[in-house]
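All residue numbers for the sequence shown refer to our numbering, where the first residue is 477 and numbers rise by one.
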Amino acid sequence: MTLAGRVGLEIELMAPRGSSRQALAEAIAAEQGGSVSRIFYPQSEHSQIVGTPVLENLTLGFEVRDAQHQAIAWCVDDLTLQADCDRTSPPQPSWYRIVGDDIRLMQIVSRLTDANLPLADVLQPVAKTLGLELQQGPKGMVKLADDLGPPIAIATSLPGERERPCELITPPLTYAQLPQLETYLQIARQLNFYAPVEGATHLHFDAAPLCSAPAIRNLVNLLWTHGPTLKRLVASNPQCQRLGLWPSELLTLVQAPDWSDLSWEQARERLKTIPLTKYCDFNLKNIVYAPRHKHTFEVRILPVYLTLPPLLDSIDLMADLVNRAIDPTPVLPDDPWSVGTDGFNALRQALPSSRFLRQL
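1) Run through the DSSP bridge pairs and tell me what Ser495 is partnered with.
2) On the DSSP letters alone, give me the boundaries of the alpha helix (DSSP H) that Leu788 sits inside.
3) How would you write the range of the beta strand (DSSP E) that Thr632 sits in, first residue to last?
4) When you compare only the Cα positions, how much space is there between Asn759 and Ile548?
5) What is the rounded straight-line gap between the Cα of Arg482 and the Cα of Asn799?
6) I'd like the list of long-range same chain contacts for Gln519, defined as Cβ closer than 7 Å, with 5 residues on each side in sequence excluded.
7) Which whole runs of the alpha helix (DSSP H) in the segment 639 to 694 are 4 residues long or more, in chain order?
8) According to DSSP, is Val598 helix, strand or coil?
9) Within this structure, are the beta carbons of Arg573 and Thr632 separated by less than 8 Å?
10) Are the segment 702 to 720 and the segment 744 to 762 touching, with three or more C-beta to C-beta distances below 8 Å?
11) So if DSSP puts Leu485 in a beta bridge, which residue, or which two residues, is it bridged to?
12) So what does DSSP say about Ile750, is it helix, strand or coil?
13) Lys619 bridges to which residues according to DSSP?
14) Can you list the beta strand (DSSP E) stretches of 3 or more residues lying completely in the segment 753 to 783, in chain order?
15) Secondary structure at Val815, three-state DSSP: helix, strand or coil?
16) Going by C-alpha to C-alpha distance, which of Trp813, Trp571, Val730 and Lys707 sits closest to Glu637?
17) Just reading off the alpha helix (DSSP H) that Val585 is part of, what are its end residues?
18) With the cut-off set at 8 Å, would you say Leu823 and Thr705 are in Cβ contact?
19) Can you tell me whether Val602 is buried or exposed, with buried defined as 16 or more other CB within 10 angstroms of its CB?
20) Does the Cβ-Cβ distance between Val540 and Ile515 come in under 8 Å?
Shown next as structure tokens:
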């Protein structure tokens, strides 16, 4: 298998009770002779507040650097991981989050303050910059507000056991660098980290090789037709949150007679007319909108892997799909194959050189 570009990984784990994602970060850093920094990590969640459909969070995460001061991993929260956590447990000292309803304001808050500050002081640098006074609330809550509307930001203690979820994130890796993941997974196993109820592994492939109209059509046709079979082959977790199919109009869009003749910019503009979301089986939104530091094609259907061999097998399979999409030979559209022998044989025909499929 030849990997087109690099691949970044997000492996969702759960710390045992009494531990936290900080413990994994510190253990990885110790093994590498490196260091750990406490950071803010942005997360979005659905809100039950009337008029505020989404709450933006800055949660506490940990960046791991090696002996050469290069970032090699991040251990952060993932708000989709809920079932393993006891919300009635008391919050842990020094653990908190910052919440708000405007993603741009929260980015500013993140830049102005320091995750190493205690809850009582963490919004003070922001208040000083804006010329505002902090307001104290119940249970140590601190509110930053003006006279014009809802609070700009609120710092508050965490719900019970929110220190336990741990999304282990890597930088983009070459194929030759992937074996180093076993070191991280071995440490996680030694610390009794485990696969959460809703857990998944996400792969982020470099989007650049896919930035053409023909490649996108091939990718859409492949995944629309073989998606159910792929989910069965990799044993996708049925409890995983925020998965699902693309809008049906995407398939129609890429079959337009002039699609293959479009420049990438023209194809992007058409794709922006479709309500794409990252919360689906295969995230194309990052390809189209190219967010800073995340211009990727994201595969979201994989289960949690605690050992390296099955993880490498799944990376091989998904890289085979990417490589087939990049191949200029058109992939013809077809209805999704039902899960079973016929679907498996159809996938094997679509990817005849796949080592993963040959060894099954």
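Glycine included, C-beta positions come from ideal geometry on N, C-alpha and C.
None of the values given here were measured: they were computed from a predicted structure.
Let's see:
1) DSSP output for Ser495 lists no bridge partner at all.
2) Leu784 to Ile802
3) Membership of Thr632 in the beta strand (DSSP E) is indicated by the continuous run Ala629 to Ser633.
4) 24 Å
5) 13 Å
6) Asn533, Thr535, Asp553 and Leu555
7) 657 to 666
8) coil
9) yes
10) Touching, yes, given that three or more Cβ pairs across the two stretches are closer than 8 Å.
11) Leu679
12) coil
13) Gln611 and Ile630
14) 772 to 778
15) If DSSP states are grouped into helix, strand and coil, Val815 belongs with coil.
16) Trp571
17) Ile579 to Leu588
18) yes
19) buried
20) no
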